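S.K.: Order-wise, the sequence lines are chains R and E.
Reminder that position 98 of the first sequence reads as 98 in the working numbering, one-by-one numbering, no gaps.
Count along the second sequence from 1, then add 380; that gives the number in the working numbering.
Structure in structure tokens, see below.
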Amino acid sequence: MSLRVIGANLVVSLKTFSREKAAMFFTIAFPIILILVFGTIFLNQDNGSFDLHVQDLDQTNSSAQLVKTLELNGKFKITTVEPAINATQYAKDKKVNLVLVIPSGYEKALVRRLGLVGGVPNAAFRDPNASVTVTYIYDASASSTSTKIQILRSGFAVVNQGMSGQPPFIRAAETSMLTKKYRFIEFFVPGIIAMSVMTSSLSGAVNMNAELRQTGVIRKLSTTPITRTDWILSNILYQFILAVISTMAILVVSYAVFSVRLQIDAWLFVFIVLAVFAFGGIGMILTRVANEAESAAAAANFIMYPMMFLSGSFFPLEMMPGFLQTIARILPLYYVNEGLRASMVFADNTAALHYSALIGVFATVVFVLGINTTKWEESK
Amino acid sequence: MTTEPEHAIDVENLTKRYGDLLAVNDISFNVRTGEVFAFLGPNGAGKTTTVEIIETIRTPTSGTVRLLGMDVTTRKRDIVPRIGVLPQGFSSFDRITVRETIQYYARLFCCRNTDVDGLIELANLKDKSQEQFKNLSGGLKQRLGIALALVNDPEVVFLDEPTTGLDPRARREVWEVLLSLKKKGKTVFLTTHYMEEAELLADTVAIISKGKIIAMGSPDQLIERNANYLVLTLKTIDGAPFEIIKRMGFEPVHDNHRNIKVRVEHTDDLQKILNAMKDAGASPLSVDVRKPNLESVFLKLTGEALREGSVEGVLD
Numbered sequence: 001m002s003l004r005v006i007g008a009n010l011v012v013s014l015k016t017f018s019r020e021k022a023a024m025f026f027t028i029a030f031p032i033i034l035i036l037v038f039g040t041i042f043l044n045q046d047n048g049s050f051d052l053h054v055q056d057l058d059q060t061n062s063s064a065q066l067v068k069t070l071e072l073n074g075k076f077k078i079t080t081v082e083p084a085i086n087a088t089q090y091a092k093d094k095k096v097n098l099v100l101v102i103p104s105g106y107e108k109a110l111v112r113r114l115g116l117v118g119g120v121p122n123a124a125f126r127d128p129n130a131s132v133t134v135t136y137i138y139d140a141s142a143s144s145t146s147t148k149i150q151i152l153r154s155g156f157a158v159v160n161q162g163m164s165g166q167p168p169f170i171r172a173a174e175t176s177m178l179t180k181k182y183r184f185i186e187f188f189v190p191g192i193i194a195m196s197v198m199t200s201s202l203s204g205a206v207n208m209n210a211e212l213r214q215t216g217v218i219r220k221l222s223t224t225p226i227t228r229t230d231w232i233l234s235n236i237l238y239q240f241i242l243a244v245i246s247t248m249a250i251l252v253v254s255y256a257v258f259s260v261r262l263q264i265d266a267w268l269f270v271f272i273v274l275a276v277f278a279f280g281g282i283g284m285i286l287t288r289v290a291n292e293a294e295s296a297a298a299a300a301n302f303i304m305y306p307m308m309f310l311s312g313s314f315f316p317l318e319m320m321p322g323f324l325q326t327i328a329r330i331l332p333l334y335y336v337n338e339g340l341r342a343s344m345v346f347a348d349n350t351a352a353l354h355y356s357a358l359i360g361v362f363a364t365v366v367f368v369l370g371i372n373t374t375k376w377e378e379s380k
Numbered sequence: 381m382t383t384e385p386e387h388a389i390d391v392e393n394l395t396k397r398y399g400d401l402l403a404v405n406d407i408s409f410n411v412r413t414g415e416v417f418a419f420l421g422p423n424g425a426g427k428t429t430t431v432e433i434i435e436t437i438r439t440p441t442s443g444t445v446r447l448l449g450m451d452v453t454t455r456k457r458d459i460v461p462r463i464g465v466l467p468q469g470f471s472s473f474d475r476i477t478v479r480e481t482i483q484y485y486a487r488l489f490c491c492r493n494t495d496v497d498g499l500i501e502l503a504n505l506k507d508k509s510q511e512q513f514k515n516l517s518g519g520l521k522q523r524l525g526i527a528l529a530l531v532n533d534p535e536v537v538f539l540d541e542p543t544t545g546l547d548p549r550a551r552r553e554v555w556e557v558l559l560s561l562k563k564k565g566k567t568v569f570l571t572t573h574y575m576e577e578a579e580l581l582a583d584t585v586a587i588i589s590k591g592k593i594i595a596m597g598s599p600d601q602l603i604e605r606n607a608n609y610l611v612l613t614l615k616t617i618d619g620a621p622f623e624i625i626k627r628m629g630f631e632p633v634h635d636n637h638r639n640i641k642v643r644v645e646h647t648d649d650l651q652k653i654l655n656a657m658k659d660a661g662a663s664p665l666s667v668d669v670r671k672p673n674l675e676s677v678f679l680k681l682t683g684e685a686l687r688e689g690s691v692e693g694v695l696d
């Protein structure tokens with residue numbers, strides 16, 4: 001092994017990278033675009049805030065109080081609809097998927113129900129049959145409508161139950177498994193890091209070996225003092241540098257745009273190193289199995305794309321049918337995803353150690369196989 | 381004090397098989413230190429296989445090859461720093477400039493004092509030193525490849541088909557670089573299927589066909605030995621001279637341009653033919669006399685052309 005040779009190779013690789021716009025795009029811009037697109041899509045879900053248009057036909061203090069209560073629980077951002085407007089037409093015109101209409105007579109009914117006399121409840125005047133009907137004008141085809149209606153119903157159920165004067169029978173206690181509240185984007189970022197490390201090291205290994213072999217560069221190199229070990233080590237080092245660059249880019253954007261809160265520690269580097277070895281190893285094996293550069297690149301895509309979608313990089317495993325979940329658990333990328341989430345999201349060192357050990361074993365086996373299958377001399 | 385061995389390369393009974401295919405069939409030869417040695421043969425004759433075995437990047441099936449006195453199968457580490465190679469179909473990193481590429485290969489050989497500018501000048505690439513490899517023409521790429529083969533100031537330089545696929549002008553420009561290399565007194569092992577290239581550059585030519593060396597010597601010796609005749613080409617007005625020459629016992633033929641071609645063994649015969657035509661009042665419009673070249677030698681020895689379409693106008 002020669003550090004001089006490895007250094008020379010690294011310089012050539014980095015210069016090539018800096019001059020190759022497509023490589024720059026796929027290493028840096030592509031994961032950032034994914035983060036921005038998915039992060040924005042799921043931003044609403046993270047905030048738990050929906051738009052709600054409310055038409056208050058009662059225009060009393062009590063009805064205003066109800067609207068305020070809806071706003072205060074944080075689930076809704078309220079837009080007021082003028083009482084004079086036809087709410088259905090308004091919903092159509094403004095493409096609003098839900099308008100809640102509070103009927104006129106709301107306050108009167110409330111007063112009768114509670115038996116308020118001069119603002120003070122008086123049991124003698126209470127009318128248990130007094131009620132109001134609120135109307136939902138909604139578009140059933142909109143995905144968020146049913147969620148909004150459900151939130152409203154459960155809110156109204158609490159109000160109704162409170163008015164019954166009886167204590168509730170079933171109460172719920174909520175304990176989050178997480179020490180703090182996490183948002184979707186914070187689960188997504190480690191997945192994107194794992195995905196970009198995989199794509200850059202796997203296709204990087206294929207390019208380095210298959211393409212340069214096919215064009216004859218490796219034949220020339222094999223007549224110089226550079227050894228196969230120097231070559232492989234310098235490539236791995238280069239892939240590691242690229243992985244760190246793309247991870248930094250992803251993290252900077254995630255912090256700047258979405259203010260994510262993630263734990264960045266040595267585990268991140270451990271998982272990047274292991275992923276580079278594992279996927280670099282797979283790339284080297286593919287290069288040997290598929291003799292031509294084009295078929296090696298196609299084989300790399302054939303492995304990478306299903307793995308990306310099946311291993312839970314983009315969405316949780318629970319969303320997939322059982323057999324796909326089983327498949328996911330045999331994919332190396334799944335363990336990189338879970339490992340990164342364990343360390344970055346949950347700060348769970350035990351789980352991170354567990355996943356890193358699994359990927360470590362896999363990476364060792366694949367990388368050793370990769371080294372042994374990489375042809376250097378024209379040995380035939 | 382050590383003296384340079386007489387032979388830079390010694391090949392004894394070298395055989396290389398690929399399954400059923402016998403690529404190199406029990407060949408033996410040697411290359412003297414300081415000479416330009418050309419391996420001349422058509423595609424698939426075994427040239428590249430042989431040269432790659434000598435360069436240590438392939439292993440022989442049997443036989444021994446010694447390069448600078450060292451066995452190529454066991455001493456790769458010692459041999460590689462002392463040789464320079466332009467492989468067949470040479471290519472390099474697309475996005476790296478000419479100068480950077482030379483610097484990179486120099487680093488691989490640990491040549492801190494490599495004269496990068498000198499190599500750029502030798503390969504006549506001064507104007508292109510900042511150009512990326514992918515933007516170079518075929519001839520420029522080959523010239524860079526030759527410069528790279530020299531970064532470690534090697535004792536033996538291997539050039540595997542340095543001008544294949546180049547247009548005539550680019551080929552001539554590469555030859556200029558090779559001639560300046562020859563002047564430096566390096567031992568050069570050249571493989572080619574262009575006989576002009578072998579004739580121009582080589583001190584010794586080995587003709588290889590179907591894995592066997594079928595003739596070896598200096599270009600002049602080979603022609604002397606195998607094609608010791610002259611070819612007379614006559615441009616005439618009518619067909620009369622053809623009959624005159626035929627009656628004299630020669631075997632004239634018409635070439636594609638309706639010229640008469642006659643093969644003669646001695647210069648005396650030339651005189652006889654021209655006199656006979658003069659006497660018959662049928663003097664030719666023009667006369668051309670040529671010695672055969674290596675192409676003719678190859679054709680005579682193997683009965684096949686070095687390259688497709690290369691025998692036009694050649695009399696066998």
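Just so you know, even glycine gets a beta-carbon here, dropped at the ideal spot from N, CA and C.
The model shown is predicted, which means the values in this text are computed figures rather than measured ones.
When DSSP labels each residue in this structure, what does E/L674 get in the three-state scheme?
M.R.: Counting from 1 along the second sequence, the entry for residue 674 of chain E is found at position 294. It is helical.
S.K.: Where in the region 477-557 of chain E do unbroken runs of the alpha helix (DSSP H), each at least 4 residues long, occur, reported from the N-terminal end onward?
M.R.: Those alpha helix (DSSP H) runs which fall completely within the region 477-557 of chain E and span 4+ residues are 478-488, 496-502, 518-528.
S.K.: Sorted by chain position, which residues of the same chain lie with C-beta nearer than 8 Å to E/T584's C-beta, five sequence neighbours on each side aside?
M.R.: On the second sequence, position 204 is the one that residue 584 of chain E refers to. Cβ neighbours of E/T584 beyond the five flanking positions: V411, R412, E415, V416, F417, A418, M596, G597, S598.
S.K.: If you draw a straight line from the alpha carbon of R/A87 to that of R/P128, how long is it in whole angstroms?
M.R.: Within the first sequence, residue 87 of chain R is the residue found at index 87, counting from 1. Within the first sequence, residue 128 of chain R is the residue found at index 128, counting from 1. Whole-angstrom Cα-Cα distance: 30 Å.
S.K.: By Cβ distance, which residues of its chain are closer than 8 Å to R/I32, with the 5 residues on each side in sequence left out?
M.R.: As a position in the first sequence, residue 32 of chain R is number 32, starting the count at 1. Only A249, I250, V253 meet the Cβ criterion.
S.K.: Suppose you measure from the CA of R/S311 to the CA of E/E432; what does that come to, to the nearest Å?
M.R.: Taking the first sequence and counting its residues from 1, one reaches residue 311 of chain R at position 311. Taking the second sequence and counting its residues from 1, one reaches residue 432 of chain E at position 52. About 46 Å.
S.K.: First and last residue of the beta strand (DSSP E) that includes E/V465?
M.R.: Against the second sequence, residue 465 of chain E aligns to sequence position 85. 463-466 is the extent of the beta strand (DSSP E) around E/V465.
S.K.: Would E/P461 pass as an interface residue toward chain R - the criterion being a Cβ-Cβ separation below 8 Å?
M.R.: Counting from one through the second sequence, the residue named residue 461 of chain E turns up at place 81. Yes, E/P461 counts as interfacial toward chain R.
S.K.: Please report whether the beta-carbon of E/S589 lies at a distance below 8 Å from any beta-carbon of chain R.
M.R.: Against the second sequence, residue 589 of chain E aligns to sequence position 209. Chain R, which has no Cβ nearer than 8 Å to the Cβ of E/S589, makes this no.
S.K.: With respect to the beta strand (DSSP E) encompassing E/G443, which residues constitute its N-terminal and C-terminal limits?
M.R.: On the second sequence, position 63 is the one that residue 443 of chain E refers to. First-last of the beta strand (DSSP E) with E/G443: 442-447.
S.K.: Residues in its own chain within less than 7 Å of R/V260 by CB, not counting five upstream and five downstream?
M.R.: For the purposes of this step, residue 260 of chain R is taken as the residue at position 260 of the first sequence. The answer, listed in chain order, is I185, E186, V189, S254.
S.K.: Measure the C-alpha to C-alpha separation of R/A290 and R/G283 and round it to an integer number of angstroms.
M.R.: For the purposes of this step, residue 290 of chain R is taken as the residue at position 290 of the first sequence. For the purposes of this step, residue 283 of chain R is taken as the residue at position 283 of the first sequence. Answer to the nearest angstrom: the Cα atoms are 10 Å apart.
S.K.: For E/R462 versus E/E535, is the C-beta spacing smaller than 8 Å?
M.R.: Taking the first residue of the second sequence as position 1, residue 462 of chain E is located at position 82. Taking the first residue of the second sequence as position 1, residue 535 of chain E is located at position 155. In this structure, E/E535 lies closer than 8 Å to E/R462 by Cβ.
S.K.: Using a C-beta to C-beta distance shorter than 8 Å, which residues of chain R count as neighbours of E/S471?
M.R.: Start at 1 with the first residue of the second sequence, and residue 471 of chain E comes out as number 91. Per Cβ cutoff of 8 Å: T215, G216, V217, K220.
S.K.: What residues in the region 528-551 of chain E bring their beta carbon closer than 7 Å to a beta carbon of chain R?
M.R.: Within the region 528-551 of chain E, no residue has a Cβ that lies closer than 7 Å to any Cβ of chain R.
S.K.: Contact criterion: CB-CB distance below 8 Å. Does R/V273 meet it with respect to chain E?
M.R.: On the first sequence, residue 273 of chain R is found 273 positions in, with the first residue counted as 1. Chain E contact via Cβ: absent.
S.K.: Could you name the residues of the same chain whose beta carbon sits closer than 6 Å to that of E/F470, not counting the 5 residues immediately before and after it, in chain order?
M.R.: Here the question's residue 470 of chain E lines up with position 90 in the second sequence. Once the five neighbours on either side are set aside, the close Cβ partners of E/F470 are G525.
S.K.: Could one say the Cβ of E/F489 lies closer than 8 Å to chain R's Cβ atoms, at least one of them?
M.R.: Position 109 of the second sequence, counting from 1, holds the residue named residue 489 of chain E. Yes, E/F489 counts as interfacial toward chain R.
S.K.: How do the region 622-641 of chain E and the region 558-571 of chain E stand: do at least 3 beta-carbon pairs fall below 8 Å, yes or no?
M.R.: No, the region 622-641 of chain E is not in contact with the region 558-571 of chain E.
S.K.: Residue range of the alpha helix (DSSP H) that E/G597 falls in?
M.R.: Translated into the one-based positions of the second sequence, residue 597 of chain E becomes position 217. Segment 592-597 is the beta strand (DSSP E) holding E/G597; no alpha helix (DSSP H) there.
S.K.: Which residue or residues does DSSP assign as beta-bridge partners of E/P394?
M.R.: Residue numbering aside, residue 394 of chain E sits at position 14 when the second sequence is read from its first letter. A quick correction: the sequence has Leu, not Pro, at residue 394 of chain E. BP columns for E/L394 point to E/I407.
S.K.: Any idea what DSSP makes of E/V644, helix, strand or coil?
M.R.: In the second sequence, the residue the question calls residue 644 of chain E occupies position 264. In this structure, E/V644 counts as strand in the three-state DSSP scheme.
S.K.: Tell me the residue span of the alpha helix (DSSP H) that contains R/V12.
M.R.: On the first sequence, position 12 is the one that residue 12 of chain R refers to. That run of the alpha helix (DSSP H) goes 3-19.
S.K.: Quick check on DSSP: helix, strand or coil for R/M320?
M.R.: Here the question's residue 320 of chain R lines up with position 320 in the first sequence. DSSP places R/M320 in coil when its eight states are reduced to three.
S.K.: Within its chain, find whatever has a CB closer than 7 Å to the CB of R/S62; leave out the 5 residues flanking it on each side and keep chain order.
M.R.: Here residue 62 of chain R refers to the residue found at position 62 of the first sequence. Only Y106, E107, L110 meet the Cβ criterion.
S.K.: Can you pull the chain E neighbours of R/I185, defined as C-beta to C-beta under 8 Å?
M.R.: Stepping through the first sequence from its first residue, residue 185 of chain R is reached at position 185. Here the premise fails: no neighbours, minimum Cβ distance about 36 Å.
S.K.: Mark R/M208 as exposed unless 16 or more other C-beta atoms lie within 10 angstroms of its C-beta, in which case mark it buried.
M.R.: Locating residue 208 of chain R in the first sequence gives position 208, counting from the first residue. So R/M208 ends up on the buried side.
S.K.: Confirm, please, whether the CB-CB distance from E/L610 to E/V644 is below 8 Å.
M.R.: Sequence index remark: in the second sequence, residue 644 of chain E carries index 264 (1-based). Sequence index remark: in the second sequence, residue 610 of chain E carries index 230 (1-based). It is a contact, given that the beta carbons lie within the stated cut-off.
S.K.: So E/S589 and E/G421 are supposed to be a Cβ contact under 8 Å. How far apart are they, rounded?
M.R.: Residue 589 of chain E sits at position 209 when you count from the first residue of the second sequence. Residue 421 of chain E sits at position 41 when you count from the first residue of the second sequence. The pair is a contact, with the Cβ atoms about 6 Å apart (cut-off 8 Å).
S.K.: Let's test the definition: count the other Cβ atoms within 10 Å of the Cβ of R/S141 and tell me whether it reaches 16, buried, or not, exposed.
M.R.: Reading the first sequence from its first residue, position 141 is the one you call residue 141 of chain R. With fewer than 16 other Cβ atoms within 10 Å, it is exposed.
S.K.: Report the residue from E/L665, E/G591, E/T616 whose alpha carbon sits nearest the alpha carbon of E/H634.
M.R.: Within the second sequence, residue 634 of chain E is the residue found at index 254, counting from 1. When each option's Cα is compared against that of E/H634, the closest is E/T616.
S.K.: Between which residues of its own chain and R/E82 is the CB-CB distance below 8 Å, once the five residues before and five after are set aside?
M.R.: As a first step, residue 82 of chain R must be located in the first sequence, where it is residue number 82. Within the same chain, R/E82 has close Cβ partners Q55.
S.K.: Report yes if the CB atom of E/I459 is closer than 8 Å to the CB atom of E/T436, and no otherwise.
M.R.: Position 79 of the second sequence, counting from 1, holds the residue named residue 459 of chain E. Position 56 of the second sequence, counting from 1, holds the residue named residue 436 of chain E. Closer than 8 Å, so yes.
S.K.: Which chain R residues are close to E/E480, counting only those with a beta carbon under 9 Å from its beta carbon?
M.R.: Residue 480 of chain E sits at position 100 when you count from the first residue of the second sequence. In chain order: V11, V12, K15.
S.K.: Quick one, which of R/V99, R/S18, R/A29, R/T27 has its alpha-carbon nearest R/L52's?
M.R.: Sequence index remark: in the first sequence, residue 52 of chain R carries index 52 (1-based). The shortest Cα separation from R/L52 among R/V99, R/S18, R/A29, R/T27 belongs to R/V99.
S.K.: With a threshold of 6 Å on Cβ separation, who are the neighbours of E/F339 within its own chain once the five nearest residues in sequence on each side are excluded?
M.R.: With chain E covering only 381 through 696, there is no way to say anything about residue 339 of chain E.
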